[in-house]
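*Asks:*
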Amino acid sequence: MTTALVSIRGVSKRYTRGKQTVEVLSHLDLDIASGDFLALMGPSGSGKTTLLNLIGGLDQPSGGEIRVNDQRIDTLSSGALARWRARHVGFVFQFYNLLPVLSAEANVELPLLLTDLSKAQRKKNVAAALAVVGLSDRATHKPNELSGGQQQRVAIARALVGDPTLLVCDEPTGDLDRKTADEVLTLLQDLNRNYGKTIIMVTHDAKAAEFATHRLQMDKGALVAGEAA
Amino acid sequence: MRYLPLVWASLFHKKTRLILTLLSLTAAFMLFGLLQAVSVLFSSGADFVGANRLITQARVSFTQPLPLALLPRIEAIPGVARVAYSQFFGGIYIEERNFFPQFAVDPERLLDAYPEWVLPDDQRQAFISTKTGAIVGRKLVEKYGFKIGDKIPLKSFIFTKKDGTRAWEWEVVGIFDGKDEDWAGRSNLMYLNYGHFDEARQFGQGGAGVYIIRVADPNESERIANEVDRQFENSPDETKTQTEKDWNLSFARQIGDIGLIVTAILGAVFFTILLVTGNTMSQAVRERIPEFAVLKTLGFSDGKVTALVLAEAFALCLIGGLIGMTLAVGAAKVVSGLLNGSPVVVQPVVWIQAFATMVGLAVAVGIFPALRARRLQIVDALAGR
Ligand SMILES: Nc1ncnc2c1ncn2[C@@H]1O[C@H](COP(=O)(O)OP(=O)(O)OP(=O)(O)O)[C@@H](O)[C@H]1O
Ligand SMILES: [Mg+2]
Numbered sequence: 000m001t002t003a004l005v006s007i008r009g010v011s012k013r014y015t016r017g018k019q020t021v022e023v024l025s026h027l028d029l030d031i032a033s034g035d036f037l038a039l040m041g042p043s044g045s046g047k048t049t050l051l052n053l054i055g056g057l058d059q060p061s062g063g064e065i066r067v068n069d070q071r072i073d074t075l076s077s078g079a080l081a082r083w084r085a086r087h088v089g090f091v092f093q094f095y096n097l098l099p100v101l102s103a104e105a106n107v108e109l110p111l112l113l114t115d116l117s118k119a120q121r122k123k124n125v126a127a128a129l130a131v132v133g134l135s136d137r138a139t140h141k142p143n144e145l146s147g148g149q150q151q152r153v154a155i156a157r158a159l160v161g162d163p164t165l166l167v168c169d170e171p172t173g174d175l176d177r178k179t180a181d182e183v184l185t186l187l188q189d190l191n192r193n194y195g196k197t198i199i200m201v202t203h204d205a206k207a208a209e210f211a212t213h214r215l216q217m218d219k220g221a222l223v224a225g226e227a228a
Numbered sequence: 000m001r002y003l004p005l006v007w008a009s010l011f012h013k014k015t016r017l018i019l020t021l022l023s024l025t026a027a028f029m030l031f032g033l034l035q036a037v038s039v040l041f042s043s044g045a046d047f048v049g050a051n052r053l054i055t056q057a058r059v060s061f062t063q064p065l066p067l068a069l070l071p072r073i074e075a076i077p078g079v080a081r082v083a084y085s086q087f088f089g090g091i092y093i094e095e096r097n098f099f100p101q102f103a104v105d106p107e108r109l110l111d112a113y114p115e116w117v118l119p120d121d122q123r124q125a126f127i128s129t130k131t132g133a134i135v136g137r138k139l140v141e142k143y144g145f146k147i148g149d150k151i152p153l154k155s156f157i158f159t160k161k162d163g164t165r166a167w168e169w170e171v172v173g174i175f176d177g178k179d180e181d182w183a184g185r186s187n188l189m190y191l192n193y194g195h196f197d198e199a200r201q202f203g204q205g206g207a208g209v210y211i212i213r214v215a216d217p218n219e220s221e222r223i224a225n226e227v228d229r230q231f232e233n234s235p236d237e238t239k240t241q242t243e244k245d246w247n248l249s250f251a252r253q254i255g256d257i258g259l260i261v262t263a264i265l266g267a268v269f270f271t272i273l274l275v276t277g278n279t280m281s282q283a284v285r286e287r288i289p290e291f292a293v294l295k296t297l298g299f300s301d302g303k304v305t306a307l308v309l310a311e312a313f314a315l316c317l318i319g320g321l322i323g324m325t326l327a328v329g330a331a332k333v334v335s336g337l338l339n340g341s342p343v344v345v346q347p348v349v350w351i352q353a354f355a356t357m358v359g360l361a362v363a364v365g366i367f368p369a370l371r372a373r374r375l376q377i378v379d380a381l382a383g384r
């Protein structure tokens, strides 16, 4: 299993509220191979977002080990984890989470501000990322001048622009109609097939999951079924 | 530098609120610049640099007259070029709202002491030789249309004539002008011949309110001022000698401790501005918690997020502060005009105080929102917790 890009061993996540402790994830094992497009499904509250946040390095597990590219990320300090995210992970959220005051291109440029790329180089990479998502002609538009589907494509461009190891998407089509959702999913599929991006996507929608190469079911903090890699 | 567009765009997150906050900051700093400039002017200690004229008054109060007998003793002091004396007349021209200052003076001495006033030689001679003569400044001529030969009735609220009335009449024998624009602006006054004034008044003969001393060398003015006051120390007529500028300011000083008033006003203003700007900043950050969470998701460190919020506070305070101070410079010019030649300028020290205030304000209003953005937990903020 050393070929796995993401390797999760005995991971638990507990939240303590007052005197009550809830175990959201319990002793979970999971491997995700490089080049996978994995759809995580399951009922609301089953811990999908929690797991995704752990893989993306937004949160730390209460126990267990998480390795990405053979690097332990569960032991990193929050500063080191921030640097790790900047280099290795692209995030896509249900509600796009673009900065409303910035144009599409400025939003896409944000992750590059943390690199030492020159202004010209940043501009080139931003243009390339916007071209991949098919929004070159909307570069100067603000988010409120774009449709939901377009905003999500800008968000995908932002996730891509730093050429991350991993794309992490939490219900990326949850706020979109069928047709727009399919366009976004086709884009993700294209990124997986033709650009070799490893994608982990949480979705409620069985049709969306069809676009993935693998599907996993979660329930009550555990993986219950599916075709693991 | 690469973060500047981000900081700039964030400022404009809520335009109306930004503009209102900037207006408040601008108003506050304009007031700050102007009041500090005035305060610095008033609190400046005795400054003899470049002073070529001194004013000697009775030590107790300028309302207390000094006897003319002091004149030869002042004149005898080395370095004194010319000594004039002057008595405030306090006359009303027809109605009370027509107030302008008049002074009873020895014509020759006064015009020698004030070479800044220009008038034709024949008029100067007429002023010297006409006992009931008076000369009026150009600004008064423009306002009231006085002409040579006019008899101007003045009702003095200080001096009664020997016949028991307060109705005086003075004949215009000359019109004087300022040598430059500045002095022309101050020419809203009138000089009366002391000869007739002293003869006709019921009381106070042989006295004058102040002596005006023109010194030969401005570098000597401090020594001469001290020398004059030492001459009359422990006599019934103790004196206080100041530069003309300080003497003018001493009128305003009598209103009260200007520095304290200014500090109190500015204290209130900046307390308000602290609340206004502080509220703007904390709202600006509270509304954008999800955005800061996104920045952190993308890999912005806690330190960077803190710096971004502080930078926003600095930008806000600097923009408002600089506009306000620029307006203060303009306002100071206007006030200088009103104060009749006491130059109110926004000195470098006031600029330094203003910058220190901007920085202090930015830190004060930025620090708590910045810490809030720093502390936020990504997963909680993204989930709206
Ligand atoms: N910070 C927290 N404090 C307490 N409980 C939490 C916290 N974060 C998550 N939980 C709980 O953990 C459980 C799993 O949450 P999670 O968001 O992972 O579910 P999910 O599968 O993504 O659900 P959904 O499909 O509704 O998004 C839920 O019961 C939630 O209430
Ligand atoms: Mg979820």
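Sequence lines, in order, name chains W and L. Quick note on numbering: the first sequence equals residues 0 to 228 in numbering that gives the first Met the number 0. Quick note on numbering: the second sequence equals residues 0 to 384 in numbering that gives the first Met the number 0. Virtual Cβ for every residue (Gly too), placed ideally from N, Cα, C.
Can you tell me which residues form a DSSP beta bridge with ASP169 (chain W)?
*Replies:* The partner list for ASP169 (chain W) (beta bridge, DSSP) reads W:VAL201.
*Asks:* If you follow the beta strand (DSSP E) that LEU64 (chain W) is part of, which residue opens it and which one closes it?
*Replies:* Looking at the sequence itself, residue 64 (chain W) is Glu, so the reference to Leu does not match. Here the beta strand (DSSP E) through GLU64 (chain W) covers 62-67.
*Asks:* Any C-beta of chain B sitting closer than 8 Å to the C-beta of VAL333 (chain L)?
*Replies:* No chain B is present in this structure, whose protein chains are W and L.
*Asks:* At which residue ranges does the segment 57-137 of chain W contain complete alpha helix (DSSP H) runs of 4 or more residues, listed in the order of the chain?
*Replies:* Those alpha helix (DSSP H) runs which fall completely within the segment 57-137 of chain W and span 4+ residues are 77-87, 103-112 and 118-131.
*Asks:* With a cut-off of 8 Å, does the C-beta of PRO60 (chain W) fall near any C-beta of chain L?
*Replies:* Judged by the 8 Å Cβ criterion, PRO60 (chain W) is not in contact with chain L.
*Asks:* Whose Cβ in chain W lies nearer than 7 Å to the Cβ of ILE377 (chain L)?
*Replies:* What ILE377 (chain L) touches in chain W: LEU57.
*Asks:* In whole angstroms, what is the alpha-carbon distance linking ASN218 (chain L) and ARG52 (chain L)?
*Replies:* The straight-line gap from Cα to Cα measures roughly 11 Å.
*Asks:* Alpha carbon to alpha carbon, how far is GLY90 (chain L) from VAL79 (chain L)? Give it in angstroms, no decimals.
*Replies:* Answer to the nearest angstrom: the Cα atoms are 31 Å apart.
*Asks:* How big is the Cα-Cα spacing for LEU139 (chain L) and ARG185 (chain L)?
*Replies:* LEU139 (chain L) and ARG185 (chain L): Cα-Cα distance of roughly 10 Å.
*Asks:* Rounding to the nearest angstrom, what Cα-Cα distance links ALA227 (chain W) and LEU80 (chain W) in this structure?
*Replies:* Its pLDDT being 49, under 50, ALA227 (chain W) is placed unreliably by the model, and the measurement read from it follows with that caveat. Distance between the alpha carbons of ALA227 (chain W) and LEU80 (chain W) is about 27 Å.
*Asks:* Which term fits ILE93 (chain L), buried or exposed, when burial requires 16 or more other beta carbons within 10 angstroms of its beta carbon?
*Replies:* Exposed, by the Cβ-count rule.
*Asks:* Whose C-alpha, out of L:VAL104, L:PHE28 and L:ASP245, is nearest the C-alpha of LEU41 (chain L)?
*Replies:* Residue 41 (chain L) is actually Phe in this sequence, not Leu. The shortest Cα separation from PHE41 (chain L) among L:VAL104, L:PHE28 and L:ASP245 belongs to L:ASP245.
*Asks:* Can you give me the C-alpha to C-alpha distance between THR262 (chain L) and LEU274 (chain L), rounded to a whole angstrom?
*Replies:* The alpha-carbon atoms of THR262 (chain L) and LEU274 (chain L) are separated by roughly 18 Å.
*Asks:* Is there at least one non-hydrogen atom of ligand 1 closer than 7 Å to the beta-carbon of GLY62 (chain W)?
*Replies:* Not so, every heavy atom of ligand 1 lies at least 7 Å from the Cβ.
*Asks:* Tell me, please, which residues DSSP counts as bridged to HIS213 (chain W).
*Replies:* HIS213 (chain W) is bridged to W:LEU37.
*Asks:* Please give the ranges of any alpha helix (DSSP H) in the segment 89-174 of chain L, keeping only runs that are unbroken, at least 4 residues long and fully inside the region.
*Replies:* Those alpha helix (DSSP H) runs which fall completely within the segment 89-174 of chain L and span 4+ residues are 106-112, 120-128 and 137-143.
*Asks:* Do we get a CB-CB distance below 8 Å when we pair SER249 (chain L) with the residues of chain W?
*Replies:* Output row for SER249 (chain L): interface = no.
*Asks:* Taking only beta-carbon atoms, is ALA126 (chain W) less than 8 Å away from chain L?
*Replies:* Chain L contact via Cβ: absent.
*Asks:* Name the residue from L:ASP111, L:PHE31, L:VAL171 and L:ASP236 whose alpha carbon lies nearest to the alpha carbon of ILE351 (chain L).
*Replies:* Among L:ASP111, L:PHE31, L:VAL171 and L:ASP236, the Cα nearest to that of ILE351 (chain L) is on L:PHE31.
*Asks:* At a Cβ threshold of 8 Å, is LEU17 (chain L) touching chain W?
*Replies:* Judged by the 8 Å Cβ criterion, LEU17 (chain L) is not in contact with chain W.
*Asks:* So which residues on chain L does ARG82 (chain W) lean against when the C-beta distance must stay under 7 Å?
*Replies:* What ARG82 (chain W) touches in chain L: GLY298.
*Asks:* Suppose contacts are defined by Cβ-Cβ distances below 8 Å. Is VAL167 (chain W) in contact with PRO110 (chain W) by that definition?
*Replies:* Contact flag unset, no.
*Asks:* Are the CB atoms of ALA240 (chain L) and THR55 (chain L) nearer to each other than 8 Å?
*Replies:* In the sequence as presented, Ala is not what sits at residue 240 (chain L); that position holds Thr. Result yes, Cβ atoms of THR240 (chain L) and THR55 (chain L) sit closer than 8 Å.
*Asks:* Roughly how many whole angstroms lie between the Cα atoms of GLN201 (chain L) and LYS161 (chain L)?
*Replies:* Spanning the two alpha carbons is a distance of roughly 4 Å.
*Asks:* Please classify THR129 (chain L) as buried or exposed, where buried requires at least 16 other C-beta atoms within 10 Å of its C-beta.
*Replies:* Buried: at least 16 other Cβ atoms inside 10 Å.
*Asks:* Given 7 Å as the limit, tell me if SER45 (chain W) has its C-beta closer than that to any heavy atom belonging to ligand 1.
*Replies:* Within the cutoff, so yes.
*Asks:* With H, G and I counted as helix, E and B as strand and the rest as coil, what does DSSP make of TYR14 (chain W)?
*Replies:* Of the three classes helix, strand and coil, the one that applies to TYR14 (chain W) here is strand, per DSSP.
*Asks:* Out of L:LEU109, L:TYR193, L:ALA183 and L:GLN101, which has the shortest C-alpha to C-alpha gap to ILE151 (chain L)?
*Replies:* It is L:GLN101.
*Asks:* So with Cβ pairs under 8 Å, would you call PRO110 (chain W) a contact of chain L?
*Replies:* Interface residue, yes.
*Asks:* Anything in chain L within Cβ reach of LEU184 (chain W), meaning under 7 Å, just list it in chain order.
*Replies:* By Cβ distance, chain L contributes nothing, its closest Cβ being about 22 Å from LEU184 (chain W), past 7 Å.
*Asks:* Do VAL135 (chain L) and ILE174 (chain L) have their C-beta atoms closer together than 8 Å?
*Replies:* Yes. Within cutoff.
*Asks:* Kindly indicate if chain L contains any beta-carbon less than 8 Å away from that of LEU75 (chain W).
*Replies:* Output row for LEU75 (chain W): interface = no.
*Asks:* Roughly how many whole angstroms lie between the Cα atoms of MET0 (chain W) and SER33 (chain W)?
*Replies:* Note that MET0 (chain W) scores a pLDDT of 45, beneath 50, so its modelled location is shaky and nothing firm can be said.
*Asks:* Counting along the chain, where does the beta strand (DSSP E) carrying ASN192 (chain L) start and finish?
*Replies:* Note, ASN192 (chain L): beta strand (DSSP E), 189-192.
*Asks:* Using a Cβ cut-off of 8 Å, which residues of the segment 7-35 of chain L contact any Cβ in chain W, in chain order?
*Replies:* Hits within the stretch, in order: ALA8, SER9, PHE11 and HIS12.
*Asks:* Cβ of THR49 (chain W) versus every heavy atom of ligand 1: is any distance shorter than 7 Å?
*Replies:* Yes, Cβ of THR49 (chain W) sits closer than 7 Å to a heavy atom of ligand 1.
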